[in-house]
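*Asks:*
Protein chains: 2
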Amino acid sequence: MQRPIAILDSGVGGLTVVKEVMRQLPREKVIYFGDTARTPYGPRPSDEVVRFTQEIVSYLMQYKPKMIIIACNTATAAALEDIRSMVDVPVVGVINPGARAAINQTKTGIVGVIGTVGTVRSRAYEDALKRLNPNIHVVSLACPLFVPLVEQGNFRSKETMDTVRESMEKLKDIPLDTLILGCTHYPFLSETIQEVMGTGVKLISSDNETAREMSTILQESGKLAHGPELPIHQFFCSGEPKMFKRIAQQWLGEQIELTPVVWQIPKIG
Amino acid sequence: MQRPIAILDSGVGGLTVVKEVMRQLPREKVIYFGDTARTPYGPRPSDEVVRFTQEIVSYLMQYKPKMIIIACNTATAAALEDIRSMVDVPVVGVINPGARAAINQTKTGIVGVIGTVGTVRSRAYEDALKRLNPNIHVVSLACPLFVPLVEQGNFRSKETMDTVRESMEKLKDIPLDTLILGCTHYPFLSETIQEVMGTGVKLISSDNETAREMSTILQESGKLAHGPELPIHQFFCSGEPKMFKRIAQQWLGEQIELTPVVWQIPKIG
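Now the structure itself:
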């Protein structure tokens with residue numbers, strides 16, 4: 557019986573990380589928790605985010621995960637260190653993998669970060685980048701209008717293009733060559749953002765970079781899943797399950813149909 | 557006193573990894589060993605490569621490295637597991653990071669690998685890719701004419717273009733979108749290879765990917781260097797030091813002048 561990887565998020569955004577784990581490491585079993593009853597975490601005070609994250613991790617520990625992924629920028633910024641001291645398995649957030657990928661990518665040494673007001677105010681990306689490499693110049697910009705666009709499913713309209721162009725105006729004259737999408741919602745807008753920034757700017761998403769980093773850490777500690785059996789993933793949410801299930805199936809596509817999924821609403825909060 | 561990262565190679569090729577460590581993690585101190593007296597490793601029997609690599613690691617252990625990087629495809633394929641069982645610090649090769657980056661990158665799931673005859677025959681990349689993700693389709697091709705071109709400094713001539721085009725003919729009709737440069741010499745030819753393969757194919761070099769993976773493992777184990785002091789790097793070679801020094805200075809550029817370097821020929825072999 558292989559031990560799963562536990563992935564948690566304030567809602568459905570972390571499913572982007574699940575999709576990447578399924579793509580990059582199809583042998584790994586995932587258990588996912590979306591705290592849809594209490595989403596969004598962005599506007600909440602930091603200590604509340606820490607408490608919610610601790611509650612979810614406590615719940616997931618009964619499944620004996622071999623690793624925990626905090627697939628939410630806000631929860632990573634607020635709670636990563638608390639969760640690390642709480643459990644005895646590796647805990648990976650979405651900020652360090654994105655920072656490391658940006659450092660790998662940049663030639664100019666000038667890296668942009670866009671995120672929610674909370675993430676930008678926390679300076680979490682700036683700290684992560686500077687801790688690895690003090691020579692990196694970081695330019696951060698809050699884009700509070702992007703999450704509502706995504707939640708309306710409004711990825712490619714003229715309104716979206718106008719909003720993205722206007723929001724990112726301040727970055728246009730800065731010679732950055734790498735831009736971190738510091739919010740799990742933003743990859744849905746990546747085509748529009750790429751168009752506004754031009755092809756000379758490489759966009760970094762935390763979903764695939766976090767899955768890759770997870771792969772490194774599992775392999776280094778000899779904990780990669782092996783053998784021919786296909787994993788059975790499990791999804792939990794704290795809110796209304798129908799909508800969550802619909803979004804998850806839409807996002808994870810056929811792969812969900814390939815593996816039985818157990819839906820369950822834990823008592824929490 | 558911070559502990560260094562030990563990087564070793566059969567010759568000068570591993571300096572590409574040193575350059576990336578200096579770029580991505582400028583706080584880390586590097587000690588490098590180029591076995592220039594016994595280069596190349598490619599045509600040697602596997603057990604000899606294992607013995608040489610063990611000798612170099614024994615030598616470098618006196619400097620109490622916190623991590624060992626085998627920056628040579630041939631030595632990684634032959635000796636990675638032996639070195640892992642020999643020392644009690646993390647040992648990173650160049651094959652897993654390249655494989656992981658390719659899995660992260662590919663959309664079609666079809667990955668090409670070019671390398672020396674020895675590397676391709678060992679199936680090391682194929683094994684590494686399939687271990688992580690059995691769904692990846694791998695196409696390998698030995699390009700024995702590439703190393704001589706690089707050693708002649710012949711990166712961008714018409715002869716080089718013709719040789720690269722002819723050598724890679726067999727890959728042209730395969731719908732791969734990602735190509736691993738499975739030899740530390742090949743990044744010197746990357747412009748020509750990119751021209752031949754077209755912009756639809758992403759090239760993966762092990763130098764930056766290995767440095768990035770090293771960063772992940774160091775951070776995960778809480779062993780990243782910190783503090784303001786600039787590291788003093790040390791370089792060793794087993795052969796004639798003048799040529800080695802010239803190539804290292806040419807490749808590592810001004811950064812070598814910024815930090816004192818100790819040149820030393822160890823008694824070995």
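Protein chains in written order, with the working numbering: chain B, 557 to 825; chain G, 557 to 825.
All residues carry an ideal CB built from backbone N, CA and C; glycine is no exception.
Answer yes or no: do Ile625 (chain B) and Ile666 (chain B) have a C-beta to C-beta separation smaller than 8 Å?
*Replies:* Working through the first sequence from its first residue, we reach residue 625 (chain B) at position 69. Working through the first sequence from its first residue, we reach residue 666 (chain B) at position 110. Cβ distance not < 8 Å, so Ile625 (chain B) and Ile666 (chain B) don't count as in contact.
*Asks:* Taking 8 Å as the cut-off, decide whether the C-beta atoms of Glu747 (chain G) and Arg712 (chain G) are in contact.
*Replies:* Counting from 1 along the second sequence, the entry for residue 747 (chain G) is found at position 191. Counting from 1 along the second sequence, the entry for residue 712 (chain G) is found at position 156. In this structure, Arg712 (chain G) lies closer than 8 Å to Glu747 (chain G) by Cβ.
*Asks:* Answer with buried or exposed for Leu814 (chain B), where buried requires no fewer than 16 other C-beta atoms within 10 angstroms of its C-beta.
*Replies:* In the first sequence, counting from the first residue as 1, residue 814 (chain B) sits at position 258. At Leu814 (chain B), the pLDDT of 38 sits below 50, so the modelled position is not reliable; the number obtained from the coordinates is stated separately. Answer is exposed; the Cβ neighbour count stays below 16.
*Asks:* Using beta carbons (cut-off 8 Å, strictly below), is Glu776 (chain G) in contact with chain B?
*Replies:* Stepping through the second sequence from its first residue, residue 776 (chain G) is reached at position 220. Chain B contact via Cβ: present.
*Asks:* Do Leu735 (chain B) and Thr664 (chain B) have their C-beta atoms within less than 8 Å of each other?
*Replies:* Translated into the one-based positions of the first sequence, residue 735 (chain B) becomes position 179. Translated into the one-based positions of the first sequence, residue 664 (chain B) becomes position 108. Against a cut-off of 8 Å, the Cβ pair of Thr664 (chain B) and Leu735 (chain B) comes out as no contact.
*Asks:* In the stretch 592–613 of chain G, which residues sit with their C-beta less than 7 Å from some C-beta in chain B, listed in chain order?
*Replies:* none
*Asks:* Ends of the alpha helix (DSSP H) at Met717 (chain G)?
*Replies:* What you label residue 717 (chain G) is simply residue 161 of the second sequence in a count that begins at 1. For Met717 (chain G), the uninterrupted alpha helix (DSSP H) run begins and ends at Lys714 to Ser723, by DSSP.
*Asks:* Any contact of the stretch 642–657 of chain G with the stretch 579–586 of chain G, i.e. 3+ C-beta pairs under 8 Å?
*Replies:* no
*Asks:* Return no unless some Cβ of chain B is closer than 8 Å to the Cβ of Lys794 (chain G).
*Replies:* Stepping through the second sequence from its first residue, residue 794 (chain G) is reached at position 238. What sits at residue 794 (chain G) in the sequence shown is Ser, not Lys. No, its Cβ sits nowhere closer than 8 Å to a Cβ of chain B.
*Asks:* Output, in chain order, the set of chain B residues within a Cβ distance shorter than 7 Å of Pro731 (chain G).
*Replies:* Translated into the one-based positions of the second sequence, residue 731 (chain G) becomes position 175. Neighbours of Pro731 (chain G) on chain B: none; closest Cβ ~18 Å, over 7 Å.
*Asks:* When you compare the CB of Leu808 (chain B) with every CB in chain G, is at least one pair closer than 8 Å?
*Replies:* Translated into the one-based positions of the first sequence, residue 808 (chain B) becomes position 252. No, Leu808 (chain B) lies away from the interface with chain G (no Cβ there is under 8 Å from its Cβ).
*Asks:* What would DSSP say about Val565 (chain G), mapped onto helix, strand or coil?
*Replies:* One-based indexing of the second sequence puts residue 565 (chain G) at position 9. Checking the sequence, you will find Asp at residue 565 (chain G) rather than Val. Reduced to three states, the DSSP call for Asp565 (chain G) is strand.
*Asks:* Do Ala657 (chain G) and Val561 (chain G) come within 8 Å of each other at the CB atom, strictly closer than that value?
*Replies:* Taking the second sequence and counting its residues from 1, one reaches residue 561 (chain G) at position 5. Taking the second sequence and counting its residues from 1, one reaches residue 657 (chain G) at position 101. Inspection of the sequence shows that residue 561 (chain G) is occupied by Ile rather than by Val. Not closer than 8 Å, so no.
*Asks:* Any beta carbon of chain B sitting closer than 8 Å to that of Ile736 (chain G)?
*Replies:* Within the second sequence, the letter at position 180 stands for residue 736 (chain G). Chain B, which has no Cβ nearer than 8 Å to the Cβ of Ile736 (chain G), makes this no.
*Asks:* Does Arg712 (chain G) get closer than 8 Å to chain B when you measure Cβ to Cβ?
*Replies:* In the second sequence, residue 712 (chain G) corresponds to position 156, counting from 1. By this cut-off, Arg712 (chain G) is not an interface position.
*Asks:* Between Leu697 (chain G) and Met724 (chain G), is the Cβ-Cβ spacing less than 8 Å?
*Replies:* As a first step, residue 697 (chain G) is located in the second sequence; it is residue number 141 there, counting from the start. As a first step, residue 724 (chain G) is located in the second sequence; it is residue number 168 there, counting from the start. Contact flag set, yes.
*Asks:* Quick check on Ala781 (chain G): does DSSP put it in helix, strand or coil?
*Replies:* For the purposes of this step, residue 781 (chain G) is identified with residue 225 of the second sequence, where counting begins at 1. DSSP, read as helix, strand or coil, puts Ala781 (chain G) in coil.
*Asks:* Would you kindly work out how many angstroms separate the C-alpha atoms of Pro816 (chain B) and Thr675 (chain B), rounded to a whole number?
*Replies:* Along the first sequence, one-based indexing puts residue 816 (chain B) at 260. Along the first sequence, one-based indexing puts residue 675 (chain B) at 119. In this prediction, Pro816 (chain B) scores a pLDDT of 45, lower than 50, which makes its location untrustworthy; no coordinate-derived value is stated.
*Asks:* With Thr595 (chain G) and Ser614 (chain G) assumed to form a contact (beta carbons below 8 Å), what rounded beta-carbon distance in angstroms separates them?
*Replies:* Here the question's residue 595 (chain G) lines up with position 39 in the second sequence. Here the question's residue 614 (chain G) lines up with position 58 in the second sequence. In fact, because the Cβ distance is near 19 Å, the residues do not count as touching under 8 Å.
*Asks:* What residues of chain G sit near Gln580 (chain B), judged by a beta carbon separation below 9 Å?
*Replies:* What you label residue 580 (chain B) is simply residue 24 of the first sequence in a count that begins at 1. The answer, in chain order, is Arg656, Ile659, Asn660, Leu688 and Asn689.
*Asks:* My assumption, with CB atoms under 8 Å, is that Thr772 (chain G) sits in contact with Glu682 (chain B). Please give the rounded CB distance.
*Replies:* For the purposes of this step, residue 772 (chain G) is identified with residue 216 of the second sequence, where counting begins at 1. For the purposes of this step, residue 682 (chain B) is identified with residue 126 of the first sequence, where counting begins at 1. Not quite, the Cβ-Cβ distance comes to about 19 Å (not below 8 Å), so this is no contact.
*Asks:* What three-state label does DSSP hand Tyr588 (chain G) in the structure shown?
*Replies:* Along the second sequence, one-based indexing puts residue 588 (chain G) at 32. Tyr588 (chain G) falls in the strand class under three-state DSSP.
*Asks:* Cβ closer than 7 Å: which chain B residues qualify as neighbours of Pro646 (chain G)?
*Replies:* The residue labelled residue 646 (chain G) in the question sits at position 90 within the second sequence. Simply Glu776.
*Asks:* Can you find a C-beta in chain D that's less than 8 Å from the C-beta of Thr740 (chain G)?
*Replies:* As a matter of chain content, chain D is missing from the structure shown, whose protein chains are B and G.
*Asks:* Using three-state DSSP, classify Gln831 (chain B) as helix, strand or coil.
*Replies:* Since the displayed chain B opens at 557 and closes at 825, residue 831 (chain B) lies outside it and no answer follows.
*Asks:* Nearest by alpha-carbon distance to Ser794 (chain B): which of B:Arg559, B:Gln558 and B:Val568 is it?
*Replies:* If you number the first sequence from 1, residue 794 (chain B) lands on position 238. Looking at the Cα atoms, B:Val568 is the closest of the given residues.
*Asks:* Near Trp807 (chain G), what residues of its chain come up, given a Cβ to Cβ distance below 6 Å and the 5 sequence neighbours on each side ignored?
*Replies:* The sequence position of residue 807 (chain G) within the second sequence is 251, counting from 1. Same-chain partners within the cutoff: Leu571.
*Asks:* Considering Cα atoms alone, identify which of B:Glu576, B:Lys575, B:Val577 and B:Lys585 is closest to Pro784 (chain B).
*Replies:* By one-based count along the first sequence, residue 784 (chain B) stands at place 228. Pro784 (chain B) has its Cα closest to that of B:Lys585, out of B:Glu576, B:Lys575, B:Val577 and B:Lys585.
*Asks:* Excluding the five sequence neighbours on either side, which residues of its own chain have a C-beta within less than 7 Å of the C-beta of Glu765 (chain G), listed in chain order?
*Replies:* In the second sequence, residue 765 (chain G) corresponds to position 209, counting from 1. Cβ neighbours of Glu765 (chain G) beyond the five flanking positions: Pro653, Gly654 and Ala657.
*Asks:* Assign Ile760 (chain B) to one of three DSSP states: helix, strand, or coil.
*Replies:* Against the first sequence, residue 760 (chain B) aligns to sequence position 204. Here Ile760 (chain B) carries a strand assignment [DSSP, helix/strand/coil].
*Asks:* To the nearest angstrom, how far is it from the Cα of Ser762 (chain B) to the Cα of Val647 (chain B)?
*Replies:* Residue mapping note: residue 762 (chain B) aligns to position 206 of the first sequence, counting from 1. Residue mapping note: residue 647 (chain B) aligns to position 91 of the first sequence, counting from 1. Approximately 15 Å, taken between the alpha carbons.
*Asks:* Out of G:Val574, G:Gly671 and G:Gln558, which one is the CA nearest neighbour of Gln805 (chain G)?
*Replies:* Within the second sequence, residue 805 (chain G) is the residue found at index 249, counting from 1. When only C-alpha atoms are compared, the closest one is G:Val574.
*Asks:* Distance cutoff 8 Å, beta carbons only. Does Thr772 (chain B) sit that close to anything in chain G?
*Replies:* Residue mapping note: residue 772 (chain B) aligns to position 216 of the first sequence, counting from 1. Output row for Thr772 (chain B): interface = yes.
*Asks:* Can you list the residues of chain B that Glu725 (chain G) reaches, using a CB-CB cut of under 9 Å?
*Replies:* Here residue 725 (chain G) refers to the residue found at position 169 of the second sequence. The contacting residues do not exist; Glu725 (chain G) stays about 29 Å from chain B at best.
*Asks:* Output, in sequence order along the chain, the residues in the stretch 621–648 of chain B whose CB is closer than 9 Å to any CB in chain G.
*Replies:* Residues passing the 9 Å Cβ filter: Pro646 and Val648.
*Asks:* Work out the CA separation of Gly668 (chain B) and Ala593 (chain G) for me, nearest whole Å.
*Replies:* Residue mapping note: residue 593 (chain G) aligns to position 37 of the second sequence, counting from 1. Residue mapping note: residue 668 (chain B) aligns to position 112 of the first sequence, counting from 1. Distance between the alpha carbons of Ala593 (chain G) and Gly668 (chain B): 45 Å.
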